[in-house]
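A.B. asks: Chains as they are written, first to last, in my numbering: chain A, 56 to 265; chain B, 56 to 265.
Ideal Cβ placement from N, Cα and C applies to all residues, glycine included.
One structure, as structure tokens, below. Some questions next.
There are 2 protein chains.
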Amino acid sequence: MPKIVDAELKRIELAEVTWRLIAEEGFEATTMRRIAERANCTTGLVTHYFASKDELLLAAVERGIDAAEKRRLYLRNVAPGLPVLREFIVTMLPLDEPMRLHWQVWISLWEQAAIKPMLAKEWLRMTEFSKTQLRAHVDDAFRRKHLQQYIDIDLQTRTLYSLIYGLALDVHHKDRAWDKMATNVIDSYLRTISTPMHWNALDLETSTAS
Amino acid sequence: MPKIVDAELKRIELAEVTWRLIAEEGFEATTMRRIAERANCTTGLVTHYFASKDELLLAAVERGIDAAEKRRLYLRNVAPGLPVLREFIVTMLPLDEPMRLHWQVWISLWEQAAIKPMLAKEWLRMTEFSKTQLRAHVDDAFRRKHLQQYIDIDLQTRTLYSLIYGLALDVHHKDRAWDKMATNVIDSYLRTISTPMHWNALDLETSTAS
Chain A
56 MPKIVDAELK
66 RIELAEVTWR
76 LIAEEGFEAT
86 TMRRIAERAN
96 CTTGLVTHYF
106 ASKDELLLAA
116 VERGIDAAEK
126 RRLYLRNVAP
136 GLPVLREFIV
146 TMLPLDEPMR
156 LHWQVWISLW
166 EQAAIKPMLA
176 KEWLRMTEFS
186 KTQLRAHVDD
196 AFRRKHLQQY
206 IDIDLQTRTL
216 YSLIYGLALD
226 VHHKDRAWDK
236 MATNVIDSYL
246 RTISTPMHWN
256 ALDLETSTAS
Chain B
56 MPKIVDAELK
66 RIELAEVTWR
76 LIAEEGFEAT
86 TMRRIAERAN
96 CTTGLVTHYF
106 ASKDELLLAA
116 VERGIDAAEK
126 RRLYLRNVAP
136 GLPVLREFIV
146 TMLPLDEPMR
156 LHWQVWISLW
166 EQAAIKPMLA
176 KEWLRMTEFS
186 KTQLRAHVDD
196 AFRRKHLQQY
206 IDIDLQTRTL
216 YSLIYGLALD
226 VHHKDRAWDK
236 MATNVIDSYL
246 RTISTPMHWN
256 ALDLETSTAS
């Protein structure tokens with residue numbers, strides 16, 4: 056294997072180890088030494104790839120985002136407009152273990168961003184990215200007339216985004232009742248901005264039971 | 056001053072110092088030593104009052120909640136029902152520096168709760184408390200018929216709560232445009248569940264300009 060690929064793989068491995076450690080033990084406990092231990096290498100090797108814990112945190116978050124994107128590939132086969140908008144939102148919620156861990160790491164970045172300008176810039180860049188994705192789905196559903204035509208797309212994107220974030224923060228309730236409630240909050244809101252015809256066409260009775 | 060009062064004051068002082076340190080420098084950097092430095096005392100004195108950083112974190116969060124409650128006393132003079140519901144929600148948003156710092160500390164507790172069962176219990180207890188407060192306001196507005204009578208009070212409380220939390224996580228944008236947007240998100244949502252008469256009676260054009 057060429058050296059350059061090897062180096063890239065090592066970076067990815069370290070980012071994944073960091074991701075898991077932050078999610079399981081918290082950002083504070085995730086020291087360079089713990090990361091090296093878990094990755095079966097020396098602390099020197101870790102610092103060779105990442106100069107600081109902040110850089111590792113960013114790499115871990117990026118890995119989490121990449122993984123979430125991969126798990127979202129099936130959305131390509133979901134009907135466009137309202138159906139894919141709803142499904143996209145559901146994939147952002149912490150309804151399974153990988154997404155719960157993802158939110159864990161994501162909020163660690165949030166916390167660090169409050170005290171470190173470099174991380175604040177990255178946080179803003181990353182949230183803008185996911186907000187833009189959500190907005191594209193809202194916009195598409197709107198242009199297909201699956202959403203009420205009097206809505207303000209920016210305001211609705213902001214509202215949906217805040218709902219998702221707020222629900223995600225509620226992740227410490229880890230039970231099925233919570234999952235159902237979170238989906239209900241999203242659905243009852245989406246319903247108010249959808250046209251009745253397209254909302255009913257979602258046929259949620261069937262899909263949420265699956 | 057009797058010793059017992061003295062001890063209580065010292066606890067409060069340490070909690071406040073911790074609160075400010077977490078908000079300004081993050082939970083990780085807030086060591087017992089930093090707290091002692093800021094409070095002009097020995098690390099031994101800090102550990103005399105608080106056995107661990109986790110206990111200090113809880114005390115800091117409690118102080119933040121108490122302070123927020125005090126700043127909310129004026130709500131007693133706001134008209135009951137929809138007006139006080141809206142105002143209560145606005146007081147939860149990070150629209151000024153104390154509330155921004157409060158959210159900072161609050162989310163630190165969230166992060167620690169993910170990895171420490173004792174803190175998870177406290178987090179759930181505290182969120183239940185503020186959810187109950189919000190629900191009481193929603194319920195009152197509903198019983199006064201300021202809200203649409205077909206709404207599900209629990210679902211609406213959950214939705215509003217999630218919106219507030221989601222907006223609060225957006226705190227790293229610190230500009231007036233954000234403040235206006237956050238208030239807009241809340242208002243446009245509250246409007247959909249209010250009766251038009253009571254919504255219009257809020258006369259928001261005047262109050263938001265003030």
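So B:Leu222 contacts chain A; which residues on that side make the cut at Cβ distance below 7 Å?
C.D. replies: Ser217
A.B. asks: B:Ser249 bridges to which residues according to DSSP?
C.D. replies: B:Leu202
A.B. asks: Sorted by chain position, which residues of the same chain lie with C-beta nearer than 8 Å to A:Gln188's C-beta, five sequence neighbours on each side aside?
C.D. replies: Phe143
A.B. asks: What residues in its chain sit with their C-beta under 6 Å from that of A:Gln159, if we drop five residues either side in the sequence?
C.D. replies: Ala78
A.B. asks: At the 7 Å Cβ level, is A:Ser107 part of the contact set with chain B, yes or no?
C.D. replies: no
A.B. asks: Using a Cβ cut-off of 7 Å, which residues of the stretch 231 to 260 of chain B contact any Cβ in chain A, in chain order?
C.D. replies: Met236, Asn239, Val240, Ser243, Tyr244 and Thr247
A.B. asks: Using beta-carbon positions only, say whether A:Ile170 and B:Gly119 come within less than 7 Å of one another.
C.D. replies: no
A.B. asks: Out of curiosity, what's the CA-to-CA distance linking A:Asn132 and B:Gln203?
C.D. replies: 38 Å
A.B. asks: Using a Cβ cut-off of 8 Å, pull out every chain B residue sitting near A:Ala175, in sequence order please.
C.D. replies: His227
A.B. asks: To the nearest angstrom, how far is it from the Cα of B:Gln211 to the Cα of A:Phe105?
C.D. replies: 45 Å
A.B. asks: How far does the alpha helix (DSSP H) with B:Thr97 in it extend, from its first residue to its last?
C.D. replies: Per DSSP, B:Thr97 belongs to no alpha helix (DSSP H) and is neither H nor E.
A.B. asks: Have a look at B:Ser107 and A:Ala84 and give me their C-alpha separation to the nearest angstrom.
C.D. replies: 15 Å
A.B. asks: Less than 7 Å between CB atoms is the rule here; does A:Arg213 satisfy it with respect to chain B?
C.D. replies: yes
A.B. asks: Using a Cβ-Cβ cut-off of 7 Å, state whether B:Thr263 counts as contacting chain A.
C.D. replies: At B:Thr263, the pLDDT of 44 sits below 50, so the modelled position is not reliable and the matter cannot be decided from this model.
A.B. asks: Closer than 7 Å, CB to CB, is B:Trp161 near chain A or not?
C.D. replies: Taking Cβ atoms only, chain A never reaches closer than 7 Å to B:Trp161, which makes this a no.
A.B. asks: Mark A:Leu64 as exposed unless 16 or more other C-beta atoms lie within 10 angstroms of its C-beta, in which case mark it buried.
C.D. replies: So A:Leu64 ends up on the exposed side.
A.B. asks: Can the beta-carbon of B:Arg88 be found closer than 7 Å to that of B:Thr73?
C.D. replies: no
A.B. asks: Report the neighbours of B:Ile170 on chain A: residues whose CB is nearer than 8 Å to its CB, in chain order.
C.D. replies: Glu79, Glu80, Gly81 and Ala84
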